[in-house]
Structures are given as C-alpha cells and as structure tokens.
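Protein sequences appear in the order of chains U and E.
Under this note's numbering, think of the first position of the first sequence as 456, with each following residue one higher.
Under this note's numbering, think of the first position of the second sequence as 405, with each following residue one higher.
For glycine and all other residues, C-beta sits at the position ideal for the given N, C-alpha and C.
Computed from a predicted structure; not experimentally measured.
Working notes for the structure below.
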Amino acid sequence: MKEHVKIGRIIGKHLLSNSSDEEEKQLQTWLKDTENDNIFQSIHHHNHIEQRLHEYKQIDTKKAYSNFLQRTEQHRFTIGQIAFRAAAIAGLVVTVGIAINYLLNSDYEPDYLTQEVIHPGTSKAILKLANGARLELGTTNDESVINEDGVQIFHTDSSLVYQNEAISDKELLYNTLVTPHGGEYQLELADGTKVWLNAQSELTFPVAFSGTSRTVKLTGEAYFEVAHNPEQPFIVETTTQQTEVLGTAFNLSAYPDETQTVTTLVSGSVEARSTNGNESDFVERLKPNQQLIVNHGNSGTVVVKEVNTYLYSAWKEGRLVFRDQPLEVILDDMKRWYNFDVVYNNEASRNYRFSIDMPKYESINKFISILELTGSVDLEVNGNTLTVKSIN
Amino acid sequence: MDMSKHQSDILYNKYQIKHHFEEWFPGLVIFARQFIQSSTEAEDIVQNAFIKLFENFEEEKNLLAAKGFLYKTIRNECINILKHEAVKRKYSQQTLLEVSSETYFLNKIIEEETYSTLTNAINQLPEQCQKILILSLNGLKNNEIAEDLSISINTVKSQKKRAYKRLKEQLKNVYQIVSFASGI
Chain U
456 MKEHVKIGRI
466 IGKHLLSNSS
476 DEEEKQLQTW
486 LKDTENDNIF
496 QSIHHHNHIE
506 QRLHEYKQID
516 TKKAYSNFLQ
526 RTEQHRFTIG
536 QIAFRAAAIA
546 GLVVTVGIAI
556 NYLLNSDYEP
566 DYLTQEVIHP
576 GTSKAILKLA
586 NGARLELGTT
596 NDESVINEDG
606 VQIFHTDSSL
616 VYQNEAISDK
626 ELLYNTLVTP
636 HGGEYQLELA
646 DGTKVWLNAQ
656 SELTFPVAFS
666 GTSRTVKLTG
676 EAYFEVAHNP
686 EQPFIVETTT
696 QQTEVLGTAF
706 NLSAYPDETQ
716 TVTTLVSGSV
726 EARSTNGNES
736 DFVERLKPNQ
746 QLIVNHGNSG
756 TVVVKEVNTY
766 LYSAWKEGRL
776 VFRDQPLEVI
786 LDDMKRWYNF
796 DVVYNNEASR
806 NYRFSIDMPK
816 YESINKFISI
826 LELTGSVDLE
836 VNGNTLTVKS
846 IN
Chain E
405 MDMSKHQSDI
415 LYNKYQIKHH
425 FEEWFPGLVI
435 FARQFIQSST
445 EAEDIVQNAF
455 IKLFENFEEE
465 KNLLAAKGFL
475 YKTIRNECIN
485 ILKHEAVKRK
495 YSQQTLLEVS
505 SETYFLNKII
515 EEETYSTLTN
525 AINQLPEQCQ
535 KILILSLNGL
545 KNNEIAEDLS
555 ISINTVKSQK
565 KRAYKRLKEQ
575 LKNVYQIVSF
585 ASGI
C-alpha cells in the first residue's frame, strides 16, 4: 500500500514535469505492466484536476482541523497511560560507550517507578498583555481571538498568532509570553517570524513592529525562524548579548541559571555582540552550522565551533537529544521539562557521559530504567525528587 | 545523521500528525467519497481515521506508512457502512463487490495521491499560473492556451516557466519522501 501512495506521488510529479530521473525510471518500470498502464492512461486522459481544485475548496479543512485539535487535546489526558505503554516499546536510545540496543525492546521497569509523579511537560504558558492582564494558555481547548490595539491575536491549542493589517506609527505595545517548568509554546509574531519558546523561558515582544528594527527580549531558550526583511533587522536581546539577524533560523539558549549563552545557527546568518560591559567584548558573525558559546565566568571566554544543529533544535521537533554530555547537563535540561529536583549522592556521577535521543512527551520512567541498566548509575525517585546514587 | 530524513520522512511523535492534517484532509475526504456519497459522512470518517492514527501512534512512523494507515482505515469504515446499509442505500450487490475489491482500493489510492500531489502544488501558485497550468495539463498547446485566456503566447511561455520553477521548490519535499522509501 505504501508503494501505491508512492507511485501516485510520482505520477503527480510526472504530470507536472517535475519528476527526477530516478522517479522516471521507477515509473517506466511500473508502466510495463499493462494494467498499471491502463490506470495511468485513465488518470492522464480523464483529467479532473479543475473539478478537484473546486472540490478541495468546498471542504472545510480549517473546521475539521480545529475539531481534530480539540479531540486530541482531550485524549492527551485520558490515554496518556496507554500511549506510554505503546511508546515505551520503541522509545529510547541510550548509549554508554557500548551498544545496548537490545534493551529497546525490554519492558523492564523497577517496581518503585510504577507510581508516576514526574510528568513530561505540555503546551502551556502565560501571556501578559500590555495593560497588565494575564491570560493562562493551554488549559482550555477554546480557540479565541484577542484584540490588542488593533492587532488580532489568534489562539489555538499550542500556539499564538499575531496579525496586524495596518502598520501603526504609534508607540509600541509589548506583550510577554512566559512558559513555566514543564511548559512550551509556539508563537507567530506580527511580521510572520515563528518562535518556539522552550520551558521556563520568557519572551517580550511588540504586538506589531514599526521603526527601523524588530527587537524582542529573551530569557531562557527559544528557536527562531525569522521572517526575511533586510529593511528591518530582527534583534534578540538577552541580558548579555544582542543577536541581530536578517532572515534566518537559529536557536538561542540564555538561561540565567546557566554559565553560558549558546547561539546555534541553522540557516542564514546572524551577528551576535556583547552588551554587558563586565564581560569581554565580542562581535561574532556566524555561518550555518556554527555555534557561539559565551561563558559568563571571570574568564569570559568566547568560542565559535561547528556543530550538528539537530542536537540543539530537536527540542522543537518534540525530542530530547544529547550527544556525549555529562549527566548533570542532561538532568539540568530535563528538569526544565519534567519539573523535578535532583540530588547527587555520588558527586562523580555528575560527570558520567551519556548520549540520548528520545521523544520528549515520553514518561520519565523508561529513561530512568535504561540509564540504570547501563550499570553506571542508580536512580531513585521519591515524590518530585530524583536521587542519583553511587553504585557499589 | 541525515537532517532531511528527520524533518520530512518520519513522524517522531503523534503530535506531528497535526502538521499533515490540513494537507491530507481534503484529498482523503474525496477518497472516502469514492465509496460513499455523503460529504458529511465522508468528513466524519476521515476525522475518525486521523484520531485512530493519533491514538495508535507508533514511534518513528514513516510518513508513507501513516498515509497508508489512513487510507486503509477509511476504506474499511466505508465498506462497513456500505455492507450494513446496502439495502437501504439501494446499492446493487455488484457495485458493492466492485468497490470492496482490493484492486479498486489500490487504484483509488494511486489516483488520489496523484491528484493531491497536483492539487496541493497547484493551489500554491498565483491564479494566472494556475489557469495556464490546468489548461496545459488538459493537453492544450501554448497557442491554444493563449487564445483561450486572451493573452500573448510569450506570456503563456514565461508564466509556465515560472510555474514549473515554483513547483520544483514545492515538490522538493515530496521528492525526499519518495527517494527515501526503497523500491516500488
């Protein structure tokens, strides 16, 4: 059946004169069968494309989509447990020097973990309007429209979209989107720029952009897909750094409780410069796949290196990915999403290195049990606290 | 690690189904209507199939497999309805036999995939480009299209060129999906 989906797509591309050589070859092989050729001829000669376009417009896809969102939103709570069981079978990839792939199919689960207290995060945030009003997002299934100084704010499920028709010269009104522990949210700004705000982060932005630049303020972590507009550069301000972009996709992590600010460029170009007089001054222009790390310690070192950007943007695709990272770094990041505290009984274990690539909507239990099976750490969950114990 | 695979061929979690809902929904409704006539009923069946995919989601599902799952679920549900209500709906036994056959099902998948590839791509084009392309797909020559739309033949040529260039961009994703799945 997959093959039929595939050949249909190839025929579509063939008719649009847009098939590749490889696809043409596949199509010609397929057409050698007379019956297949008949199907092809009938699609080709009874061309219903006009009627099809018309029919497409008759179908209310928007309404069906919002219906689908509502129904799945309810399910998110009721079938959570079932989803865990199903997902647990294929879920996690953890390596500690040696391959432990055989564990992927394991149903091993320590008894004490059966009562789940630590949950993965969900789409939730608080929106602070210019007049000081606070809206809690992600708790209802309602689609709503808010009007802020002539700017329409559409709210559905897990995202906010700002739309303004007319450009105003008035003083800018600012909104702030705040995600708590275990929350994330998507936002489309008035200029079309898309922002994924990670857990425990805050973004302040004007409801509409005017003037010579588009400036927003970030605390925490966000992934930006900036709408191209060379006339009005897009600037992200964090406490110590200004990052200026023309039109690009990049990830910026500037959590106040961390010792570094990390800018990772996926595509386009950005220029980052220091704004904090106490630290060494820098101006760095990044190329795609480059990462800028600014350490906030006394040394204030600035490093630019080539990275696999997937590792730093996978969170917005619904994954938690770490490549050869110390346990402490991994757990600090997990803490923001799962909302738990960590106690290390064994100091050395902070530096044990792991590689992980797992879905972020997964229960934490499987993660814990597989980490344990590596034999290098022993983890205990007590209420909201995860204790890392020594292995004797 | 190949990035393009991560972004286009695999659904990593069930929430990513949402990204494909709007692209897939209309075509699937038309597919359902190849079995049952009622539009409302067809829309409900497709909606339920998406929910079923969401609820039974398996980790790292291939996009083609997800689409296949939807086709199968929709078709089975339609056939169920037809069987139960054949008498009431005045379906002849022969019609029922024909639409229940595996061949009919698979042919309709090919047809629908062809059309949704065409429709989704063409829908993105500016209006005049759309008109020219549709006439061209209907087999009209450049001079006939020019006459039909009362524009110059050079306009037809340049618009066609523009259309194909834009289609190339849009169809890039489709290409990735196709090239990733091995063999037909």
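Are the beta-carbon atoms of P505/U and N542/E separated by less than 9 Å? This sequence places Glu at residue 505/U; Pro is not what is there. Cβ distance < 9 Å, so E505/U and N542/E count as in contact.
Check whether N546/E and S554/E have beta carbons under 9 Å apart: Going by C-beta atoms, N546/E is not nearer than 9 Å to S554/E.
With distances taken between CB atoms, is the gap from Q534/E to L584/U smaller than 9 Å? Here Q534/E is not near L584/U, since their CB atoms are 9 Å or more apart.
Determine whether the Cβ of V450/E lies closer than 9 Å to any Cβ atom of chain U. Judged by the 9 Å Cβ criterion, V450/E is in contact with chain U.
With distances taken between CB atoms, is the gap from F435/E to T527/U smaller than 9 Å? No, the pair does not count as a contact, with Cβ atoms beyond the cut-off.
Check Y629/U in the structure and name its three-state DSSP category. Reduced to three states, the DSSP call for Y629/U is strand.
Buried versus exposed, by CB contacts within 10 Å (16 or more), F809/U: By the beta-carbon neighbour count (other beta carbons within 10 angstroms, threshold 16), F809/U is buried.
By alpha-carbon positions, which one of E802/U, L471/U, Y710/U and G647/U ends up nearest to H636/U? Taking only the C-alpha atoms, the option nearest H636/U is Y710/U.
Report yes or no: is there a C-beta of chain U within less than 9 Å of the C-beta of N466/E? For N466/E, the answer is yes, since a Cβ of chain U falls inside 9 Å of its Cβ.
Near the ligand GTP: F664/U beta-carbon under 8 Å from a heavy atom: Questions concerning the ligand GTP fall outside what the structure shown contains, since it holds no ligand whatsoever.
Hey, would you say N806/U sits closer than 9 Å to E783/U, going by beta carbons? E783/U sits close to N806/U, with the two beta carbons spaced by under 9 Å.
Less than 9 Å between the beta carbons of I690/U and T670/U, yes or no? A distance below 9 Å separates the beta carbons of I690/U and T670/U.
Per-residue contacts from T523/E into chain U (C-beta, under 8 Å): What T523/E touches in chain U: I504, R507, L508 and Y511.
Can you check whether the C-beta of K565/E is within less than 9 Å of a C-beta belonging to chain U? No, because no Cβ of chain U sits closer than 9 Å to the Cβ of K565/E.
Nearest residue (CA-CA) to E458/U, options I440/E, L575/E and A469/E: When I440/E, L575/E and A469/E are compared, the shortest CA-CA separation from E458/U is found for A469/E.
Using a 10 Å radius around the Cβ and a threshold of 16 neighbouring Cβ atoms, would you call D788/U buried or exposed? Buried, since its Cβ has 16 or more Cβ neighbours within 10 Å.
Can you find a C-beta in chain E that's less than 9 Å from the C-beta of Y640/U? Y640/U does not count as touching chain E.
Which residues mark the beginning and the end of the alpha helix (DSSP H) in which L541/E is found? It spans E531 to L541 - the alpha helix (DSSP H) in which L541/E sits, taken as one unbroken run.
Does Q498/E come within less than 9 Å of chain U when only Cβ atoms are used? The C-beta of Q498/E comes no closer than 9 Å to any C-beta of chain U.
Run down chain E in chain order and give the residues with a C-beta less than 9 Å from the C-beta of V700/U. Those within 9 Å of V700/U in chain E number zero; the least Cβ separation is about 20 Å.
Which of the three DSSP states is assigned to A709/U in this structure? In this structure, A709/U counts as strand in the three-state DSSP scheme.
With 16 other CB atoms within 10 Å as the buried threshold, where does Q441/E fall? Burial call: exposed.
Whose C-beta lies closer than 8 Å to the C-beta of D552/E among residues of the same chain, with five residues either side of it excluded? Apart from sequence neighbours up to five positions away, the residues of its chain that approach D552/E with a beta-carbon distance below 8 Å are L539 and L544, ordered along the chain.
So W651/U and A682/U are supposed to be a Cβ contact under 8 Å. How far apart are they, rounded? The beta-carbon distance between W651/U and A682/U, rounded to whole angstroms, is 15 Å. This is too long to meet the 8 Å contact definition.
M789/U by DSSP, collapsed to three states: which one? Of the three classes helix, strand and coil, the one that applies to M789/U here is helix, per DSSP.
Can you pull the chain U residues whose beta carbon is under 7 Å from the beta carbon of V433/E, in chain order? Within chain U, the residues near V433/E are I514.
So, at 6 Å on beta carbons, what are the nonlocal neighbours of V776/U in its own chain, with the 5 sequence-adjacent residues on each side left out? Taken in chain order, the residues that qualify are L766, A769 and D812.
8 Å Cβ cut-off: residues of chain U touching N527/E: Result: L508 and Y511.
Per-residue contacts from P430/E into chain U (C-beta, under 7 Å): Under the 7 Å cutoff, chain U gives Y511, I514 and T516.
Integer Cβ distance of V738/U from R728/U, believed to fall under 8 Å: In this structure, V738/U and R728/U form a Cβ contact; the two beta carbons are roughly 4 Å apart against a cut-off of 8 Å.
To the nearest angstrom, how far is it from the Cα of D448/E to the Cα of K456/E? The straight-line gap from Cα to Cα measures roughly 12 Å.
Can you tell me whether N602/U is buried or exposed, with buried defined as 16 or more other CB within 10 angstroms of its CB? Per the 10 Å Cβ criterion, exposed.
Would you check if the distance between the CB atom of Q631/U and the CB atom of E657/U is smaller than 9 Å? For the sequence presented, residue 631/U should be read as Thr rather than Gln. The criterion of a C-beta distance shorter than 9 Å is satisfied by T631/U and E657/U.
Can you tell me whether DSSP reads T484/U as helix, strand or coil? Reduced to three states, the DSSP call for T484/U is helix.
Closer than 9 Å by beta-carbon distance: list the chain E residues that pair up with S472/U, in chain order. Result: Y568 and L571.
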